[in-house]
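Participant:
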Amino acid sequence: MSKTKPFFPFLRFLPLLLLLISGELLAATVSLSWSPNPESDIAGYWVYRTQTPGTSYIRINTTLAAATSFSDTTCSSGATYYYAVTAVNTSNLESPKSNVVQAVVQSSTTNSAPVANAGPDLSVASGVSVNLRGSGTDANGDPLTFAWTQTSGASVTLSGANTATASFTSPTVTANTTLSFRLTVRDGKGGTGTDDVKVTVTPPTSGTNSNPIVNAGPDRYVLSGSAVTCYGSGSDPNGDPITFAWHQVIGTTVVLNNAISPTMSFVAPKVTSDSTLKFRLWVKDNRGGSARDDVVIKVTTNSSLVSPATLSTTYSASLDNSFVGVALLNPSVAANTVAISTVDGNGIQQVVNTSVLGAQVQEAFLAGSLTTGQAGAVSLKAQGENENLRGFFLVGDGQPDRLDGVGGTLEASTRLYFPAAKNDTGEKTLLFLTNPDSEVPASVSVNLVNSVGASVRTADLQLAPGASRLVALPELLGDASISGEHYLELSADIPVNGFQLISDSDTFSSSAGRGEAKSRKLWVPHFVLGNQGEDTQLRLINTEAQAIQTTLKFYNDQGSLIATRQLAVPARGLSAPWLSDILGRATIPADAPFLTGYVVLEASDAGAEEGIGLLGTVTFTVNQGKAKSTLPMLDQPREETLYLHVAQSPIHHVFTGLALMNAGSGPASAKVQIFDPAGKMTGEKTVEVAPGQRMVGLLDDPRLFGPEFQQVGGHMKIVSDRPLVSFVMFADGQLRYLSALEGQGVQK
């Protein structure tokens, strides 16, 4: 395996080429040819296209062209295109673009837009299952895709939104209430048809008992032996008191904790092959009414990490010099044989490296070092023979002025939320999505949601079994600018996972997709607010159908409460305040350049005993906005946490910061252990953290390992006698970049 020093600056030198391209029109196809590059190590050619001369080029071939000709069969009749070509050598170095040629495609037979039919208007009772039965026809006989969206009325959750037939549970109402839905049908050639349907929901008849409403939560994948929490919910149209009861109906028997509450947990069984568990949540009222819903949990032995092989797409030319750095760790006491494969867009794997990781051994490498000659590779998959392989990845550019990563494990679920959506002249959004099922394709719907919870745009995509897809937001939702605050909601017919990367000219900011969850508290273990542009943004997504009132409590470094603020998050909406707005820079101490501390978020509604449906992230920005990183708000303190990379070196101008917060009521004692890449422990320090206090410092802080400590590579483990909230921050000495990372739980 490559021993390239991980995650550090590198430059890509480009040979200069001059290619000659000629354009020839063949109906709706443009045929191109060019003179070959004379160098002996040419791997192939990339072909670029735009409809705006001199800008906005997109790459149109998915694999390197081996010949000096190419036919573009994706042209639209009557359109004008401009083409250029680059050469790529076996070291993956790319030349500048050639001269540009113009091609005007002659008009051909006009495409007819499909016709959508959303079905007749309906009248239904409260709390019942409703089916929306749509259809579509196309005069050209083109295959069609379907997408349902809600356009007005009390928000509901649509199942099967990317099929002709969608369903939902009607809300509880006290008066006749109208819900409106739109069916959009697309033919894949730019043709679109829409039709609307209205559903009138009637209240329960006086004296008539209606069955309760129940939701057992989304299906998802979990790892063998891991702790699992199922978040159910229920309500009653008549307002009657209800009871909950979880039962297991399929699979290896497990012990259910809190089986008579909405939120149930268990430990996944140790399995030697993938196994399916099914659980049923019953909700009953006190008048004999009942309802049930099932959730499927797939337990997998697939101890693997899937990361992007590259960040380059046809819409992301600004990322062509980027890199993906991967770190793998074997935290067990036995050796683990690890195979690394490239995976293309069809899910076809090719093993490119096999190695044996000893106990506590870390291996770090650049994805590009394993993808030479693998032009079609979309992802890298690292898979261990035993189930305890861990991994994470960082993404950066060649300076690296931009760097961020995903430190935790990527959650696989049928419903995922991504905290932001940007597409304007300054910021762009990239999605990396993976179907972890090696046998079944995934149908995925991506919904752009604004701050008040309204759906703005939707798009559908398919993931082959075991495949990943790297896609820029304009490829999914069109090139229209996205201004204001939005988030992305993803729904799929089987569990998928993924992360997003938001980039601008100075920064990368990455976030993992997160499934629905309920929690009583959310912790922000660190914030910064300064007079030189340092700021912190809180982003909160409300996954529930009603608004949530929250209380934010701000504490300084000494653990003293300095401010309390109320914050409302609209139903299915988003709130994204900056601390400079809700606290104000007047709170910065007069004798200090900035204010730091932590935040505790709680539901203001005292009745939210099962927790609140909020998902949160925190984004730090420093150096006048030229360094930025995003971290998930943490909802579960841990007694044991792994951080899979260490970088503390004044020679390389890099450092690692650690924050430990005691969210409990008693004192905590935490043991911080550092291991080098070979698995040898190089440092151990016990830290005492009082209730409501934090320990924040660099690894060479005297409270940790002292000024003599230097290490690049390896990992860190934290073991405490009480659950702690923690995270790490990687940065360079000039604060050109930040990378705030959450840890991973230790499998018992």
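Under numbering that gives the first Met the number 0, think of the first position of the sequence shown as 0, with each following residue one higher.
C-beta: ideal position from N, C-alpha, C; glycine also.
Here the structure is a predicted model, which is why all the values come from computation and not from measurement.
1. Where does Pro676 sit, in a helix, a strand or coil, going by DSSP?
2. Excluding the five sequence neighbours on either side, which residues of its own chain have a C-beta within less than 8 angstroms of the C-beta of Gly663, listed in chain order?
3. Do you know offhand how far Asp590's Cα is from Gln531's?
4. What residue range does the beta strand (DSSP E) around Leu41 cover?
5. Between Asn422 and the rest of its own chain, which residues show a CB-CB distance below 7 angstroms, the 5 nearest in sequence each way excluded?
6. Go through the region 208-257 residue by residue and report every complete run of the beta strand (DSSP E) that reaches 3 residues or more, in order.
7. Where Ser738 and Asp459 are concerned, what is the direct C-alpha to C-alpha distance, given to the nearest angstrom?
8. From Ala146 to Ser574, what does the alpha carbon distance come to, in whole angstroms?
9. Beta-carbon separation of Arg389 and Gln743 under 8 angstroms?
10. Can you list, in chain order, the stretches of the beta strand (DSSP E) that have 3 or more residues and sit fully within the region 350-394?
11. Comparing C-alpha positions only, which one of Leu613, Lys188, Thr164, Lys670 sits nearest to Thr685?
12. Alpha carbon to alpha carbon, what distance is there between Thr506 and Thr3?
13. Figure out for me which residue from Ser289, Val394, Gly372, Gln359 has the closest Cα to the Cα of Asn320.
14. For Asn496, count the other beta carbons within 10 Å of its own beta carbon; 16 or more makes it buried, fewer makes it exposed. Which is it?
15. Rounded to a whole number of angstroms, what is the C-alpha to C-alpha distance between Phe674 and Ala333?
16. Looking at the structure shown, is Thr586 part of a helix, part of a strand, or coil, going by DSSP?
17. Measure the C-alpha to C-alpha separation of Glu533 and Thr542 and round it to an integer number of angstroms.
18. With distance defined between alpha-carbon atoms, name the residue in Ala646, Thr655, Phe526, Gln647 nearest to Leu594.
19. According to DSSP, which residues form a beta bridge with Asp750?
20. Suppose you measure from the CA of Gly43 to the CA of Val337; what does that come to, to the nearest Å?
21. So what's Ile581 in DSSP terms, helix, strand or just coil?
22. Between the region 484-499 and the region 578-590, can you find at least three pairs of beta-carbon atoms closer than 8 angstroms?
23. Given that a residue counts as buried once 16 or more other Cβ atoms are within 10 Å of its Cβ, and exposed if not, what is Thr54?
24. Quick one: what does DSSP say Glu474 is sitting in, helix, strand or coil?
25. Considering only C-alpha positions, which residue in the set Ser518, Ala546, Arg564 is nearest to Ile611?
26. Quick check on Asp195: buried or exposed, where buried means 16 or more other Cβ atoms within 10 Å of its Cβ?
27. Let me make sure I understand the geometry here. Which of Gly732, Val323, Thr89 has the alpha-carbon closest to that of Pro649?
28. Can you tell me the Cα-Cα spacing of Ala667 and Asn661, whole angstroms?
29. Based on Cα-Cα distance, which residue from Phe708, Leu415, Asp403, Ala658 lies nearest to Gly696?
30. Between which two residues does the beta strand (DSSP E) harbouring Leu310 extend?
31. Return the residue from the list Ala66, Asp478, Asn352, Leu92 that minimises the CA-CA distance to Thr51.
32. Which of the three DSSP states is assigned to Leu566 in this structure?
33. In angstroms with no decimal places, state the Cα-to-Cα distance between Val233 and Ala626.
34. Spatial neighbours of Val718 within its chain, please: C-beta separation below 6 angstroms, excluding the five flanking residues on both sides.
35. With a 10 Å radius around its C-beta and 16 neighbouring C-beta atoms as the bar for buried, classify Met680 as buried or exposed.
36. In chain order, which continuous runs of the beta strand (DSSP E) of length 3 or greater are located wholly inside the region 54-85?
Facilitator: If we stick to the structure as given:
1. Counting from 1 along the sequence shown, the entry for residue 676 is found at position 677. Here Pro676 sits in coil by DSSP.
2. As a position in the sequence shown, residue 663 is number 664, starting the count at 1. In its chain, beyond the 5 residues on either side, Pro636, Pro690, Arg721, Pro722 have a beta carbon closer than 8 angstroms to the beta carbon of Gly663.
3. Indexing the sequence shown from 1 puts residue 590 at position 591. Indexing the sequence shown from 1 puts residue 531 at position 532. Taking the straight line from one Cα to the other gives about 14 angstroms.
4. Sequence index remark: in the sequence shown, residue 41 carries index 42 (1-based). The identity of residue 41 in the sequence shown is Ile, whereas the question assumes Leu. For Ile41, the enclosing beta strand (DSSP E) stretches over residues 41-49.
5. As a first step, residue 422 is located in the sequence shown; it is residue number 423 there, counting from the start. Once the five neighbours on either side are set aside, the close Cβ partners of Asn422 are Thr428, Leu472, Pro473, Ser480, Ile481.
6. As summarised for the region 208-257, the continuous beta strand (DSSP E) elements at least 3 residues long and confined to that stretch are 212-214, 219-222, 226-230, 232-234, 241-249, given in chain order.
7. On the sequence shown, residue 738 is found 739 positions in, with the first residue counted as 1. On the sequence shown, residue 459 is found 460 positions in, with the first residue counted as 1. Approximately 31 angstroms, taken between the alpha carbons.
8. Locating residue 146 in the sequence shown gives position 147, where the first residue counts as 1. Locating residue 574 in the sequence shown gives position 575, where the first residue counts as 1. So the alpha carbons of these two residues sit roughly 26 angstroms apart.
9. Sequence index remark: in the sequence shown, residue 389 carries index 390 (1-based). Sequence index remark: in the sequence shown, residue 743 carries index 744 (1-based). Yes.
10. If only uninterrupted beta strand (DSSP E) runs of at least 3 residues are considered, those enclosed by the region 350-394 are 361-365, 376-383.
11. As a working note, residue 685 is residue 686 in the sequence shown. Ranked by how close their Cα comes to the Cα of Thr685, the residues Leu613, Lys188, Thr164, Lys670 have Lys670 in first place.
12. On the sequence shown, residue 3 is found 4 positions in, with the first residue counted as 1. On the sequence shown, residue 506 is found 507 positions in, with the first residue counted as 1. Note that Thr3 scores a pLDDT of 32, beneath 50, so its modelled location is shaky; the value from the coordinates is reported in the next line. Here the alpha carbon of Thr3 sits roughly 24 angstroms from the alpha carbon of Thr506.
13. Start at 1 with the first residue of the sequence shown, and residue 320 comes out as number 321. Comparing Cα positions, the closest option is Val394.
14. Numbered from its first residue, the sequence shown carries residue 496 at position 497. The residue is buried, with at least 16 neighbouring Cβ atoms inside 10 Å.
15. Position 675 of the sequence shown holds residue 674. Position 334 of the sequence shown holds residue 333. Going from the Cα of Phe674 to the Cα of Ala333 covers about 16 angstroms.
16. Position 587 of the sequence shown holds residue 586. Note: Thr586 maps to helix in three-state DSSP.
17. In the sequence shown, the residue the question calls residue 533 occupies position 534. In the sequence shown, the residue the question calls residue 542 occupies position 543. Linking Glu533 to Thr542 through their CA atoms gives a straight-line distance of about 30 angstroms.
18. Reading the sequence shown from its first residue, position 595 is the one you call residue 594. From the listed residues Ala646, Thr655, Phe526, Gln647, the smallest Cα separation to Leu594 is found for Phe526.
19. A question about residue 750 goes unanswered here, because the residues of the chain that appear run from 0 up to 747.
20. Stepping through the sequence shown from its first residue, residue 43 is reached at position 44. Stepping through the sequence shown from its first residue, residue 337 is reached at position 338. Whole-angstrom Cα-Cα distance: 31 angstroms.
21. The residue labelled residue 581 in the question sits at position 582 within the sequence shown. Of the three classes helix, strand and coil, the one that applies to Ile581 here is helix, per DSSP.
22. The region 578-590, when compared against the region 484-499, does not touch it at the 8 angstroms Cβ threshold.
23. Taking the sequence shown and counting its residues from 1, the one referred to as residue 54 is at position 55. It counts as exposed.
24. Sequence index remark: in the sequence shown, residue 474 carries index 475 (1-based). Assigned with DSSP and collapsed to three states, Glu474 falls in helix.
25. Working through the sequence shown from its first residue, we reach residue 611 at position 612. When the alpha-carbon of Ile611 is set against those of Ser518, Ala546, Arg564, the nearest one is in Ser518.
26. One-based indexing of the sequence shown puts residue 195 at position 196. Exposed: under 16 other Cβ atoms inside 10 Å.
27. Here residue 649 is taken as the residue at index 650 of the sequence shown, counted from 1. Minimum Cα distance to Pro649 is reached at Gly732.
28. Stepping through the sequence shown from its first residue, residue 667 is reached at position 668. Stepping through the sequence shown from its first residue, residue 661 is reached at position 662. In a straight line, the C-alpha of Ala667 is about 7 angstroms away from that of Asn661.
29. On the sequence shown, residue 696 is found 697 positions in, with the first residue counted as 1. Ranking Phe708, Leu415, Asp403, Ala658 by Cα distance to Gly696 puts Ala658 first.
30. The residue labelled residue 310 in the question sits at position 311 within the sequence shown. From DSSP, Leu310 is part of no beta strand (DSSP E); its letter is neither H nor E.
31. Taking the first residue of the sequence shown as 1, we reach residue 51 at position 52. Of Ala66, Asp478, Asn352, Leu92, the residue nearest in Cα terms is Asp478.
32. Here residue 566 corresponds to residue number 567 of the sequence shown, with the count starting at 1. DSSP places Leu566 within a strand segment (E or B) once states are collapsed to three.
33. For the purposes of this step, residue 233 is identified with residue 234 of the sequence shown, where counting begins at 1. For the purposes of this step, residue 626 is identified with residue 627 of the sequence shown, where counting begins at 1. One detail in the question is off: residue 233 reads as Gly in this sequence, not Val. Approximately 43 angstroms, taken between the alpha carbons.
34. As a working note, residue 718 is residue 719 in the sequence shown. For Val718, where only same-chain residues beyond five positions count, the Cβ hits under 6 angstroms are Glu639, Lys670.
35. Counting from one through the sequence shown, the residue named residue 680 turns up at place 681. Label assigned to Met680: exposed.
36. Counting only runs of 3 or more, we get 68-71.
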